[in-house]
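Converting from the sequence shown to our numbering requires adding 4 to each position, the first position being numbered 1.
Below is one structure, written out as structure tokens; the observations come after it.
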Amino acid sequence: MTSLVDGYLSHITSACAADLSGAVADYIPELAQVDPEGYGLSLCVHDGHIYSRGDSSVEFTIQSISKPLTYALALSRLGYVQVDTKIGVEPSGEAFNEISVDDRLRPKNPMINAGAILTASMLLPPVRDVAPQTVDEIFDELVAFYSACAGRQLSLDPAVYGSEAATGARNRAIAYMLDSFGVIDTDPEAALDLYYRQCSLRVTTDDLAVIGCTIANGGVNPRTGRQVLNQEVAQRVLSVMTTCGMYDGAGDWVSSVGLPAKSGVGGGILAILPGQLGIGVYSPRLDRHGNSVRGIDTCRHLSTDLGLHMF
Ligand code: DON
Numbered sequence: 005m006t007s008l009v010d011g012y013l014s015h016i017t018s019a020c021a022a023d024l025s026g027a028v029a030d031y032i033p034e035l036a037q038v039d040p041e042g043y044g045l046s047l048c049v050h051d052g053h054i055y056s057r058g059d060s061s062v063e064f065t066i067q068s069i070s071k072p073l074t075y076a077l078a079l080s081r082l083g084y085v086q087v088d089t090k091i092g093v094e095p096s097g098e099a100f101n102e103i104s105v106d107d108r109l110r111p112k113n114p115m116i117n118a119g120a121i122l123t124a125s126m127l128l129p130p131v132r133d134v135a136p137q138t139v140d141e142i143f144d145e146l147v148a149f150y151s152a153c154a155g156r157q158l159s160l161d162p163a164v165y166g167s168e169a170a171t172g173a174r175n176r177a178i179a180y181m182l183d184s185f186g187v188i189d190t191d192p193e194a195a196l197d198l199y200y201r202q203c204s205l206r207v208t209t210d211d212l213a214v215i216g217c218t219i220a221n222g223g224v225n226p227r228t229g230r231q232v233l234n235q236e237v238a239q240r241v242l243s244v245m246t247t248c249g250m251y252d253g254a255g256d257w258v259s260s261v262g263l264p265a266k267s268g269v270g271g272g273i274l275a276i277l278p279g280q281l282g283i284g285v286y287s288p289r290l291d292r293h294g295n296s297v298r299g300i301d302t303c304r305h306l307s308t309d310l311g312l313h314m315f
């Protein structure tokens with residue numbers, strides 16, 4: 005069985021490797037330094053076994069794939085009512101860095117930057133001057149949660165973090181626009197700092213596959229056996245990933261691949277078959293939506309060949 009799956013994964017990664025289209029993200033200078041040829045694929049199945057190919061142990065920054073995890077943490081800590089009062093669950097149909105808000109001034113969903121920065125802000129105390137050590141403490145809790153989902157200790161990429169913070173004019177504009185709407189209850193700079201840090205955590209495709217399988221499993225990490233988030237939160241996260249995870253490419257993605265997913269400008273994609281499987285793919289050349297070109301192609305192949313489409 006194992007060699008059959010390994011043979012199949014070799015076959016699809018060879019087929020997808022030929023596509024050299026797209027471009028590495030360069031709006032954060034440090035991201036432009038990555039090897040554009042990197043390509044890894046991992047699948048984590050229900051019993052915790054990981055099948056992987058290529059650069060599956062190469063670390064890259066999680067970027068926006070952090071958004072569903074921080075959303076899960078906020079839902080677990082604060083509950084649905086408090087989170088839903090501030091952040092919607094509707095697809096925005098716009099780019100990830102647009103200030104898409106609804107008629108109640110809520111960011112349309114937690115997967116776009118506006119929603120993700122607001123989600124991070126909700127983990128912080130509601131004061132205008134948050135001490136740096138408080139951000140450190142909340143970040144430590146966030147890293148502990150992500151690490152519990154991945155089943156290993158994750159760490160920050162300081163160079164990417166510095167680069168994000170130094171070039172984050174757009175995100176700063178988003179945070180201050182939300183602040184001007186009166187929806188941020190904390191210090192916007194602290195919220196931005198927490199958001200940049202979460203985006204700068206290093207993961208591998210093996211990590212993404214385990215994180216995906218943990219969410220697929222109703223919050224139980226299949227390798228450690230630990231319940232790291234509750235089933236209801238896992239279900240909400242999967243729903244929002246399905247409709248909003250691939251931004252303005254979400255409709256195409258759901259039609260052709262049919263799996264809840266989240267992409268990041270670091271080149272990662274996390275895709276999940278509820279109840280069954282977590283998939284992590286890495287290839288840093290991106291399409292115009294900011295999604296990995298070979299990552300999407302790989303997931304399309306997996307979905308078609310293995311009949312993973314949910315509908
Ligand atoms: O907010 C940013 O610019 C990044 N740190 C994360 C963006 C991202 O990954 C968008 N996803 N495709």
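Heads up, the beta-carbon is just placed ideally off N, CA and C, and yes, glycines get one too.
A quick note: this is a predicted structure, and the numbers were derived from the prediction, not measured.
Whole-angstrom distance between residue j and residue i, CA atom to CA atom
i	j	result
Arg304	Arg292	18 Å
Gly42	Gly186	42 Å
Gly255	Thr247	8 Å
Pro33	Ala179	21 Å
Ala188	Met115	In the sequence on display, residue 188 carries Ile and not Ala. C-alpha separation (whole angstroms): 17 Å.
Pro136	Gly166	15 Å
Ala76	Asp88	12 Å
Ile317	Thr302	For residue 317 there is no data in the structure shown, the boundaries of the chain being 5 and 315.
Ile103	Ala220	30 Å
Lys71	Ser243	14 Å
Glu94	Gln37	34 Å
Asp144	Ser96	31 Å
Ser14	Ser61	16 Å
Ser18	Asp10	12 Å
His50	Tyr31	37 Å
Asp197	Leu47	32 Å
Arg176	Val258	31 Å
Ser56	Asp133	45 Å
Ile273	Ala173	25 Å
Thr171	Asn113	24 Å
Asp183	Pro129	15 Å
Val261	Val131	43 Å
Pro111	Val105	4 Å
Tyr12	Asp39	25 Å
Nearest-angstrom Cβ-Cβ length linking residue i and residue j, presumed shorter than 8 Å
i	j	result
Ile121	Tyr199	5 Å
Gly249	Gln235	Not a contact, Cβ separation roughly 19 Å.
Gly270	Leu35	7 Å
Ala154	Asp107	Not a contact, Cβ separation roughly 38 Å.
Ile276	Gly216	4 Å
Val214	Asn225	7 Å
Paired residues, beta bridge with residue i - DSSP
i	result
Pro111	Val105
Leu160	Leu205
Tyr75	None, per the DSSP bridge assignment.
Leu45	Arg57 and Val285
Phe143	Note: Phe143 sits in no beta bridge, so no partner.
Thr65	Arg206
Ala169	None; Ala169 has no bridge partner.
Ala220	BP columns for Ala220 are empty, so no partner.
Gln86	Per DSSP, none; premise fails for Gln86.
Val28	Arg289
Gln37	Paired residues: none, contrary to the question.
Gln231	Val224
Any chain B beta carbon closer than 9 Å to residue i
i	result
Thr218	Of the protein chains in the structure, only one exists, and it is not chain B.
_Inter-stretch contact (C-beta, 8 Å, three-pair minimum) for the segment 281-301 and the segment 18-27_ = yes
*At least three beta-carbon pairs within less than 8 Å, the segment 263-275 to the segment 128-144*: Too few Cβ pairs lie closer than 8 Å, so no.
*Decide yes or no for the touch test of the segment 224-239 against the segment 187-206: beta carbon pairs closer than 8 Å, at least 3 of them.*
no
*asked:* Quick test of the definition: if touching needs 3 or more C-beta pairs under 8 Å, does the segment 275-284 touch the segment 305-314?
replied: yes
*Mind pulling the beta strand (DSSP E) runs of 3 or more residues that sit fully within the segment 235-301?*
265-267, 272-277 and 281-286
*Is the segment 63-80 close to the segment 148-155, with three or more CB pairs under 8 Å?*
yes
*asked:* Measuring CB atoms only, is the segment 156-164 touching the segment 206-218, in the sense that at least three cross pairs come out at less than 8 Å?
replied: yes
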